[in-house]
């Protein structure tokens, strides 16, 4: 009986250690699940914020009459920078729902799907952040080059009516002339052809607000008035004499347009880039939490599964050995007691 006591203590200690390890792993797994829930909540707020910011940026730009013209100068990348975070925000809600289901039910398969979708969205956020910041830092050159090219070769040409209208609206709204200045028009195709005839466009001319009144009768005190814009001196502004030496003059807008139209879009583009960068960082942290959780929830490779099955089998055999040893000890004790009783009875007989 003494020989089996150390073995019993050793196996009991080993079983106790396994139980403590299992409890520790369960506690660590629960902590990771709660961390994932917290990051999902933060990601939900970030997605909602991205949607609100994208809508705000679009509404703010819509206040400008020349919005379509500004976007045409920037190019399609503006739509990518503005509306992709909006789509990301909507996708985040679906992905969070998938993650919440996987976390609540501890479903490894659902969490793997959650990880895959979150990884794709994280990559997309990084790409959009890079595009937005690149667009922001190159915005001034992009606007200048784009507007100069359109003035030089596309203004008032066949099939380019939209471009012509965009440039006119921009110049009137921002009180500017040309991209860098009026010089852009002097080298344009338009001013050198019969269309321009050596003149700058009327959109470059300084306007003043006037009120036109019309009286119904000379004896009536009732009159109607409406505000409108009128060019101060069209002849002097456009230089109908065709003498380029008369440029610039006091009746034309002195500043170029590209620096003026940069202001309404530069800050929003920077904000959109910041939103995409924030989404990327939050999603990256969530990915790390999910990776750790998947590691704790179980093996992923056949080798790990084989190791886990072997370890489980060993634990089961240890338990069987432990109970067999106890039964053996009990049988030996009963046998010893029986022998003692028989030994006591023998002298009497």
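In the working numbering, the protein residues as written are 328 to 676. Heads up, the beta-carbon is just placed ideally off N, CA and C, and yes, glycines get one too.
(Q) Tell me the DSSP secondary structure of residue 461 in three-state form. (A) Residue numbering aside, residue 461 sits at position 134 when the chain shown is read from its first letter. Assigned with DSSP and collapsed to three states, residue 461 falls in helix.
Q. Just checking my contact of residue 388 with residue 501 at CB under 8 Å: how many whole Å lie between their CB atoms?
A. By 1-based counting over the chain shown, the position of residue 388 is 61. By 1-based counting over the chain shown, the position of residue 501 is 174. Not a contact, Cβ separation roughly 14 Å.
Q. For residue 623, which residues of its own chain have a beta-carbon under 8 Å away from its beta-carbon, when the five flanking residues on both sides are left out?
A. Counting from 1 along the chain shown, the entry for residue 623 is found at position 296. Counting only Cβ-Cβ distances below 8 Å, and skipping sequence neighbours, we find 352, 355, 356, 359.
Q. Fully enclosed by the region 395 to 468, which alpha helix (DSSP H) runs are 4 residues long or longer?
A. You should have 404 to 432, 435 to 464.
Q | Backbone CA spacing between residue 426 and residue 371 [nearest angstrom] | A | For this step, residue 426 is matched to residue 99 along the chain shown. For this step, residue 371 is matched to residue 44 along the chain shown. Distance between residue 426 and residue 371, taken at the CA atoms: about 12 Å.
Q) Once you ignore the five residues that flank residue 442 on each side, which residues in its own chain have a CB closer than 8 Å to its CB? A) Locating residue 442 in the chain shown gives position 115, counting from the first residue. These residues qualify, in order along the chain: 614, 617, 618, 621.
Q. Which residue comes first and which comes last in the alpha helix (DSSP H) that contains residue 589?
A. Here residue 589 corresponds to residue number 262 of the chain shown, with the count starting at 1. Segment 585 to 624, the alpha helix (DSSP H) holding residue 589.
Q) Exposed or buried, what is residue 544 when buried is set at 16 or more other beta-carbons lying within 10 Å of its beta-carbon? A) Locating residue 544 in the chain shown gives position 217, counting from the first residue. In this prediction, residue 544 has a pLDDT of 37, which is less than 50 and means its spatial position is unreliable; what the coordinates show is noted afterwards. It counts as exposed.
Q: State buried or exposed for residue 452, treating a residue as buried only when at least 16 other CB atoms are found within 10 Å of its CB.
A: Locating residue 452 in the chain shown gives position 125, where the first residue counts as 1. Burial of residue 452 is indicated by the presence of at least 16 other C-beta atoms within 10 angstroms of its C-beta.
Q: Mind reading off the beta-carbon distance from residue 487 to residue 481? Whole number of angstroms is fine, and I expect it under 8 Å.
A: Here residue 487 refers to the residue found at position 160 of the chain shown. Here residue 481 refers to the residue found at position 154 of the chain shown. Cβ atoms of residue 487 and residue 481 come within 8 Å of each other, at about 5 Å.
Q | residue 380 burial status per 10 Å Cβ neighbour count (16 or more: buried) | A | For the purposes of this step, residue 380 is taken as the residue at position 53 of the chain shown. With 16 or more Cβ atoms within 10 Å of its Cβ, residue 380 is classed as buried.
Q: Taking all protein chains shown into account, decide if residue 454 is buried (16 or more other Cβ within 10 angstroms of its Cβ) or exposed.
A: As a working mapping, residue 454 is identified with position 127 in the chain shown. Exposed: under 16 other Cβ atoms inside 10 Å.
(Q) Relative to the C-alpha of residue 600, which candidate in 377, 362, 366 has its C-alpha closest? (A) As a first step, residue 600 is located in the chain shown; it is residue number 273 there, counting from the start. Relative to the Cα of residue 600, the nearest Cα in the group 377, 362, 366 belongs to 377.
Q.
Just to confirm, is the Cβ distance from residue 504 to residue 578 under 7 Å?
A. For this step, residue 504 is matched to residue 177 along the chain shown. For this step, residue 578 is matched to residue 251 along the chain shown. The Cβ atoms of residue 504 and residue 578 do not sit closer than 7 Å to each other.
Q) Is residue 437 closer than 7 Å to residue 423 when the C-beta atoms are compared? A) The sequence position of residue 423 within the chain shown is 96, counting from 1. The sequence position of residue 437 within the chain shown is 110, counting from 1. No.
Q.
For residue 516, tell me which candidate among 528, 531, 478 has the shortest Cα-Cα distance.
A. Working through the chain shown from its first residue, we reach residue 516 at position 189. Relative to the Cα of residue 516, the nearest Cα in the group 528, 531, 478 belongs to 478.
Q | Same chain, Cβ closer than 6 Å to residue 493, five either side skipped, listed in chain order | A | For the purposes of this step, residue 493 is taken as residue 166 along the chain shown, with counting starting at 1. Within the same chain, residue 493 has close Cβ partners 396, 399.
Q | Pairwise C-alpha distance: residue 432 and residue 664 | A | On the chain shown, residue 664 is found 337 positions in, with the first residue counted as 1. On the chain shown, residue 432 is found 105 positions in, with the first residue counted as 1. The straight-line gap separating the alpha-carbon atoms of residue 664 and residue 432 is approximately 55 Å.
Q: Determine the closest residue to residue 407 out of 364, 462, 366, with distance taken between C-alpha atoms.
A: As a working mapping, residue 407 is identified with position 80 in the chain shown. Per the Cα distances, 462.
**Q.** Distance CB(residue 467)-CB(residue 589) smaller than 7 Å
**A.** Here residue 467 corresponds to residue number 140 of the chain shown, with the count starting at 1. Here residue 589 corresponds to residue number 262 of the chain shown, with the count starting at 1. The answer is yes: Cβ separation under 7 Å.
Q | Cutoff 7 Å; reference residue 385; Cβ partners in own chain excluding five residues on either side | A | Here residue 385 refers to the residue found at position 58 when the chain shown is read from its first residue. Setting aside the 5 residues that flank it on each side, residue 385 is surrounded in the same chain by 409, each with a C-beta closer than 7 Å to its C-beta; the list follows chain order.
Q | Cβ shell of residue 444 (< 6 Å), same chain only, five flanking positions each side left out | A | Reading the chain shown from its first residue, position 117 is the one you call residue 444. Counting only Cβ-Cβ distances below 6 Å, and skipping sequence neighbours, we find 422.
**Q.** Same chain, Cβ closer than 7 Å to residue 471, five either side skipped, listed in chain order
**A.** On the chain shown, residue 471 is found 144 positions in, with the first residue counted as 1. The residues are 506, 507, 585.
Q.
Are the CB atoms of residue 459 and residue 609 within a distance shorter than 7 Å?
A. Looking up residue 609 in the chain shown gives position 282. Looking up residue 459 in the chain shown gives position 132. Using a Cβ distance threshold of 7 Å, residue 609 and residue 459 do not count as a contacting pair.
Q | residue 416 and residue 374 closer than 7 Å at C-beta | A | To locate residue 416, count along the chain shown from 1; it is residue 89. To locate residue 374, count along the chain shown from 1; it is residue 47. With contacts defined by Cβ atoms closer than 7 Å, residue 416 and residue 374 form a contacting pair.
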